[in-house]
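Below is one structure; the comments refer to it alone.
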Amino acid sequence: MTLKPHLEMGYVSRAHGLKGEVAVRPFDPASESLDYVERVLVRTRAGQERLLRIESVRPTPKETLVVFEQVERREDAEALVGATVLVFREDLEPPEEDEYFQGDLVGLTAVDEAGNVLGRVEELWDTGEVPNLVIRAEGREELVVPFADDFVSTVDIPGGRLVVKPPEFLEVGGGGPEEEA
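Using the numbering used here, the first residue of the sequence shown is number 11, and each one after it goes up by one.
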């Protein structure tokens, strides 16, 4: 699996003030990526991409207020609402051993300990102390697994897969419990 040059780090949630400032809501509430990068790629809902240089950043409890050099009016900021904010991988420090960029987990094939394919990691939800992997496969119920050692034993980014231990109440491999006659 080839690593993506950009990592999705959040989205523009709203315009702030009259001079073009925007509020960026990170997918990982603990992310400090915007504090360390000088530029981002912004992808609008229409699919248009813009390279924007960061002038200043102000953290708040739920989002980060950002001033981009090229966004000077509220109307310009409002046009970015809903846009995905991507950082350049090359601008970030590489993760430590056994640490991963959350964006690299999306797209991995999830298999159980026996090698049965459970689906593909489609999203990550940050709803608690650890992110939750959202695994989907056609014809199967969505599977939400905490990204913690008790549930994820192996992450193989180059191989494009991870090994998960789904909650015990799920039947895996056979497609469901057999019916009694």
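Using N, Cα and C, we set each Cβ at its ideal position, and we do this for glycine too. Bear in mind that the values here come from a model prediction, so they are computed numbers and not experimental data.
- With respect to the 8 angstroms criterion, ARG99 and PRO156 are not classified as neighbours on the basis of their beta carbons.
- Within a 10 Å sphere around the beta-carbon of PRO105 sit fewer than 16 other beta-carbons, which makes this residue exposed.
- Beta-bridge partners assigned by DSSP to LEU17: VAL97.
- Judged by their CB atoms, GLY113 and LEU17 are nearer to each other than the 8 angstroms cut-off.
- Taking a C-beta distance under 8 angstroms as the contact criterion, ARG171 and VAL95 do not qualify as a contact pair.
- Following the DSSP letters along the chain, one finds LEU61 inside the beta strand (DSSP E) bounded by residues 59-69.
- LEU90 carries a coil assignment under DSSP once its states are collapsed to helix, strand and coil.
- When secondary structure is reduced to three states using DSSP, ASP45 falls in the helix class.
- Residue state for GLU85 is assigned as helix, using DSSP reduced to three classes.
- In terms of CA proximity to LEU75, PRO36 leads the group GLU109, VAL174, PRO36.
- Nearest to TYR21 by C-alpha distance, out of ASP38, ASP166, VAL81, is ASP38.
- Taking a cut-off of 8 angstroms for Cβ pairs, the stretch 48-67 and the stretch 121-131 do not touch, as fewer than three such pairs fall below it.
- DSSP places GLY129 in the strand class (E or B) of the three-state scheme.
- Taking all protein chains shown into account, SER43 has 16 or more neighbouring C-beta atoms within 10 Å of its C-beta and is therefore buried.
- Residue environment: ALA124 is assigned as exposed (fewer than 16 neighbouring CB atoms within 10 Å of its CB, all protein chains considered).
- The straight-line gap separating the alpha-carbon atoms of ASP136 and ASP166 is approximately 21 angstroms.
- Excluding sequence positions up to five before and after ARG60, its CB lies within less than 7 angstroms of the CB of VAL52, all in the same chain and listed in chain order.
- Per DSSP, reduced to three states, the secondary structure at LEU153 is strand.
- Burial is judged here by how many other beta carbons sit within 10 angstroms of a residue's own beta carbon; LEU153 has at least 16 and is buried.
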